[in-house]
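First the structure, in the form of structure tokens, and then the observations on it.
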Amino acid sequence: MLNFTNKVAVVTGGASGIGRATVKTLASLEANVVIADIDEKNAGTLIDECADLPGKVVFCSTDILHEEQIANMISHALSSFGRIDILHNNAGVPRSRAPDCEITDMTVEWWHRTIDAHLTSAMLGCKYALPHMITNGGGVIVNTSSSAAADATVDLPAYSSAKAGLHQLTREVAATYGRDNVRCNAVVPGLVLTERGRATLPAEQIKLFAAQTPLPYLAEAQDIANVVVFLASDASRMINGECLRAEGGMMIKLPYWE
Ligand code: NAD
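Counted from 1, the sequence shown has number 348 at position 132 by our numbering; the numbering is strictly sequential.
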């Protein structure tokens, strides 16, 4: 059930972090994969690392802030591999390009940019992938959300609103295209110790997440990729419209419980 022979996947933000781990895992399970990212250098090293895997991996330079580039990323999958079966809407746009701040300091421009980066891009990915999935007899869409979607954050109102919107988009796509054999789900990580996360997250923040998580470890990128691959596979064929937490039980624990 975890075999992806002859399947074609597009992973946005596939050059680093969660997307990178997803690309590698899918290719190791025989999927052909398109890395859709702005980072050509990291994508290049990933393609080298995947050279001996059974699935083929190619790069499509894609800025998900531009609709025509999202359309092109789907065309790239079709011209490279002839079809698209899996779309992972995952790219994480940094705050320098998708600014966020407290509401009292928010500009409409910043608000729109963050919503575009984390919600509109996923809708556009679906818009361009769905017709081909439907023609092919089905497909799977997996969105990367965040635990910020479920709980209020202090200075990330646009990001958390976008991710909450992503949950509703997930359900809308699941309900509308289920009859076309297209499933749509989201993975909902808490803090993930990606390479970038390890380099940039303040130690205090990592400590807070560790204290709030019942498990004795925090997530690595591979842990989230494993959930994405499960949701993309036939092993999850009855899961549709679900926003699946992968944060080690962080949300079920009361903060004063040690
Ligand atoms: P990362 O920074 O490790 O990787 C993000 C990738 O997206 C990079 O390869 C980057 O080049 C690419 N990217 C950035 N802007 C882009 C754009 N405009 N167009 C195309 N690609 C672009 O990030 P990550 O931590 O793996 O994040 C992936 C997803 O996981 C994001 O949606 C993020 O919101 C979500 N998430 C991450 C965490 C965490 O703690 N790392 C927690 C919850 C949710």
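All residues carry an ideal CB built from backbone N, CA and C; glycine is no exception.
- Using a C-beta cut-off of 8 angstroms, the segment 347–360 makes contact with the segment 291–309, since at least three inter-stretch Cβ pairs fall below that distance.
- For V226, the enclosing beta strand (DSSP E) begins and ends at V224 to T228.
- If you keep only unbroken alpha helix (DSSP H) runs of at least 4 residues inside the segment 225–287, you get 233–244 and 256–265.
- Set against 7 angstroms, the gap from the CB of N248 to the closest heavy atom of the ligand NAD is not smaller.
- According to the DSSP assignment, P347 belongs to the alpha helix (DSSP H) that extends over S337 to N352.
- In this structure, the straight-line span from the alpha carbon of V445 to that of N352 is close to 20 angstroms.
- By the C-beta criterion, the segment 244–260 is judged not to be in contact with the segment 366–383, since fewer than 3 inter-stretch pairs fall below 8 angstroms.
- Between G271 and E246, the gap from beta carbon to beta carbon is short of 8 angstroms.
- C342 is positioned such that its CB atom lies closer than 8 angstroms to that of V389.
- Counting other Cβ atoms within 10 Å of its Cβ, M217 stays below 16 and is therefore classed as exposed.
- Within 10 angstroms of the beta-carbon of V239 lie 16 or more other beta-carbons, which makes it buried.
- With a beta-carbon spacing of about 7 angstroms, A462 and A435 fall inside the 8 angstroms limit used to define contacts.
- Nearest C-alpha to C266 among S452, E411 and A231: A231.
- Around the beta carbon of G406, a 10 Å sphere encloses 16 or more other beta carbons of the protein chains shown; the residue is thus reported as buried.
- In summary, M454 is exposed, with fewer than 16 beta-carbon neighbours lying within 10 Å of its beta-carbon over all protein chains present.
- Scanning N248, E458 and A237 for the CA closest to the CA of L409 turns up A237.
- Between the beta-carbon of A365 and that of L303 there is about 19 angstroms, and that puts the pair past the 8 angstroms contact cut.
- Bridge partners of V445 according to DSSP: none are assigned.
- Ranked by how close their Cα comes to the Cα of T336, the residues T241, I422, E284 and L242 have E284 in first place.
- Following the DSSP letters along the chain, one finds A368 in no beta strand (DSSP E), marked with neither H nor E.
- In this structure, the C-beta of N219 stays at least 7 angstroms away from each heavy atom of the ligand NAD.
- For the pair L447 and L460, the CB atoms are nearer than the 8 angstroms cut-off.
- Taking the Cα positions, S296 is about 30 angstroms away from I331.
- I302 carries a strand assignment under DSSP once its states are collapsed to helix, strand and coil.
- Rounded to the nearest whole angstrom, the C-alpha separation of D264 and F275 is 11 angstroms.
- Bounds of the alpha helix (DSSP H) holding A415 are E411 to T416.
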